[in-house]
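Position 75 (the sequence shown) corresponds to 133 in this note's numbering; numbering is contiguous. Beta carbons: idealized from backbone N, C-alpha and C, even for Gly. For reference, the structure is listed below as structure tokens.
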Amino acid sequence: MKKRKKVNYSKWGYICIAPFFITFFIFSFIPLLDTIRNSFFQHYFSGLKEIGPNFVGFANYAELFASNLGKYTLNTFILWIIGFIPQIVIALLLASWFTDNTMKIHGERAFKVIIYLPNLIMASAFAMLFFTLFSDSGPINSLLMKMGLTDEPIKFLATTVGTRSLIGLMNFLMWFGNTTIMLMAAIMGVNPELFEAAELDGCNHVQVFFKITLPMIRPILTYTLITSLIGGLQMFDVPQILTNGSGAPDNTSTTLIMLLNTHLKSQNYGMAGALSVYLFIVSGILCFFVYRMLNNQDPDGSKAAAKKAARAAGGRK
Numbered sequence: 059m060k061k062r063k064k065v066n067y068s069k070w071g072y073i074c075i076a077p078f079f080i081t082f083f084i085f086s087f088i089p090l091l092d093t094i095r096n097s098f099f100q101h102y103f104s105g106l107k108e109i110g111p112n113f114v115g116f117a118n119y120a121e122l123f124a125s126n127l128g129k130y131t132l133n134t135f136i137l138w139i140i141g142f143i144p145q146i147v148i149a150l151l152l153a154s155w156f157t158d159n160t161m162k163i164h165g166e167r168a169f170k171v172i173i174y175l176p177n178l179i180m181a182s183a184f185a186m187l188f189f190t191l192f193s194d195s196g197p198i199n200s201l202l203m204k205m206g207l208t209d210e211p212i213k214f215l216a217t218t219v220g221t222r223s224l225i226g227l228m229n230f231l232m233w234f235g236n237t238t239i240m241l242m243a244a245i246m247g248v249n250p251e252l253f254e255a256a257e258l259d260g261c262n263h264v265q266v267f268f269k270i271t272l273p274m275i276r277p278i279l280t281y282t283l284i285t286s287l288i289g290g291l292q293m294f295d296v297p298q299i300l301t302n303g304s305g306a307p308d309n310t311s312t313t314l315i316m317l318l319n320t321h322l323k324s325q326n327y328g329m330a331g332a333l334s335v336y337l338f339i340v341s342g343i344l345c346f347f348v349y350r351m352l353n354n355q356d357p358d359g360s361k362a363a364a365k366k367a368a369r370a371a372g373g374r375k
């Protein structure tokens, strides 16, 4: 009998994923390498005259770190934290409520749609809305003055606390709905028998949340934190529009991407490349530490205890 020829279907899998890798290579990987190359060259325009590209080594990085880079990095993290902390707390609370069958919330689907709606609004439109609402002659100040809560308009955008708070509030409102939906999906993926067993053992809602829910949805929490961190480092449109690109007051709301945009507008490609590489390295390091902290493979310590017992047994031999 002739042996039947074995059909290999794996090639079709490679063919299906090939467009992604080709697109990534052309539009992401090659520009990334070119950005790294530009960071080692002096290349800018002085009026209509083009200077460079001239190889300068690490001079762009030295100039970058000698500037107010630390201040802009701190601004970026402060603005991200102000928006992310209430976002993750509210999202976890809503997700646990909506997935709890004992709560029997009426109109649950309507609530889900409402909390997700801000995510559909463009960030630029959101920033323009808040700029109009909280301007010196805006509706918020008019309402506060009519209610007798203040005698003169509050300059929300003239103070560091006011500007940062508005940026954090906008980021919270835009993204907490999306985070809630993801966390709800994660909680609904947990085996219901775990919750039933905890209920039979007399655990209350707080104990169930911290002992079962949080450990079981840790992968989604890790994904949420990493994507939010990357988005925070790339924060641009909201503070740019709200402060009209000035980062006022006193550059306390200027983010790293706003600084990058300044270099690009001045056509200083060498400094822009150095700042892009800095952002890439910072993002990679932070995401690595977040992943290692939240993706613990031994949450209950059983594996560590087993290894310790094995070493102790080996030492007695």
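Supposed close pair residue i, residue j - CB separation, criterion 8 Å
| i | j | result |
| --- | --- | --- |
| Thr-271 | Val-248 | 7 Å |
| Ala-255 | Ile-275 | Wrong, their Cβ atoms sit about 17 Å apart, outside the cutoff. |
| Tyr-327 | His-101 | 5 Å |
Rounded straight-line distance, which links the Cα of residue j to that of residue i
| i | j | result |
| --- | --- | --- |
| Leu-175 | Gly-235 | 8 Å |
| Leu-317 | Lys-269 | 43 Å |
| Asp-358 | Phe-253 | Confidence at Asp-358 is low in this model, with a pLDDT of 49, below 50, so its placement is unreliable and the value that follows should be read with caution. Spanning the two alpha carbons is a distance of roughly 18 Å. |
| Glu-222 | Thr-280 | The displayed chain sequence assigns Arg, not Glu, to residue 222. Spanning the two alpha carbons is a distance of roughly 26 Å. |
| Ile-278 | Ser-195 | 43 Å |
| Phe-184 | Leu-215 | 15 Å |
| Thr-81 | Ser-182 | 28 Å |
| Leu-333 | Asp-92 | 13 Å |
| Ser-360 | Pro-273 | Residue confidence for Ser-360 is low, a pLDDT of 47 falling below 50, so the modelled location carries little weight; the figure read from the coordinates is stated next. Cα-Cα distance, rounded: 15 Å. |
| Asn-229 | Asn-319 | 20 Å |
| Met-240 | Leu-122 | 38 Å |
| Tyr-349 | Leu-283 | 9 Å |
| Ser-304 | Ala-120 | 25 Å |
| Phe-347 | Thr-285 | 14 Å |
| Ala-363 | Asp-259 | Only weak support is given to the placement of Ala-363: the predicted model assigns it a pLDDT of 48, under 50, and the question is left unresolved by the model. |
| Ala-149 | Met-246 | 14 Å |
| Ile-212 | Lys-107 | 46 Å |
| Met-329 | Cys-345 | 24 Å |
| His-164 | Leu-322 | 51 Å |
| Phe-83 | Gly-115 | 26 Å |
| Ile-173 | Leu-227 | 14 Å |
| Ile-75 | Tyr-67 | 14 Å |
| Asn-353 | Phe-85 | 31 Å |
| Ala-124 | Leu-231 | 36 Å |
| Gly-71 | Pro-77 | 11 Å |
| Gly-206 | Met-351 | 49 Å |
Nearest candidate by alpha-carbon position, reference residue i, set the options
| i | options | result |
| --- | --- | --- |
| Phe-87 | Phe-338, Leu-178 and Thr-282 | Phe-338 |
| Ser-324 | Ile-94, Ile-109 and Ile-84 | Ile-109 |
| Leu-287 | Leu-152, Thr-131, Phe-188 and Met-329 | Thr-131 |
| Asn-262 | Asp-158, His-101 and Glu-210 | Asp-158 |
| Trp-155 | Val-264, His-321, Thr-282 and Leu-333 | Val-264 |
| Ile-225 | Met-274, Ile-198, Gly-141 and Ile-75 | Gly-141 |
| Gln-310 | Phe-346, Leu-127 and Lys-204 | For the record, residue 310 in the displayed sequence is Thr; it is not Gln. Cα-wise, what sits closest to Thr-310 is Leu-127. |
| Trp-233 | His-164, Phe-85 and Gly-289 | Gly-289 |
| Val-171 | Phe-113, Ile-148, Thr-238 and Trp-70 | Thr-238 |
| Phe-267 | Ala-120, Asn-133 and Leu-151 | Leu-151 |
| Thr-160 | Cys-345, Ala-124 and Glu-257 | Glu-257 |
CB of residue i within 8 Å of CB of residue j, strictly
| i | j | result |
| --- | --- | --- |
| Asn-118 | Ser-97 | yes |
| Met-242 | Ala-153 | yes |
| Thr-99 | Pro-89 | The amino acid at residue 99 is misidentified as Thr; the sequence shows Phe. Contact flag unset, no. |
| Thr-218 | Pro-144 | no |
| Leu-202 | Thr-208 | yes |
| Ile-198 | Phe-192 | yes |
| Ile-299 | Met-186 | yes |
| Gly-331 | Ile-94 | yes |
| Asn-133 | Thr-313 | yes |
- [ ] Pair every Cβ in the segment 135-155 with every Cβ in the segment 279-295, then say whether three or more of these pairs are closer than 8 Å.
- [x] yes
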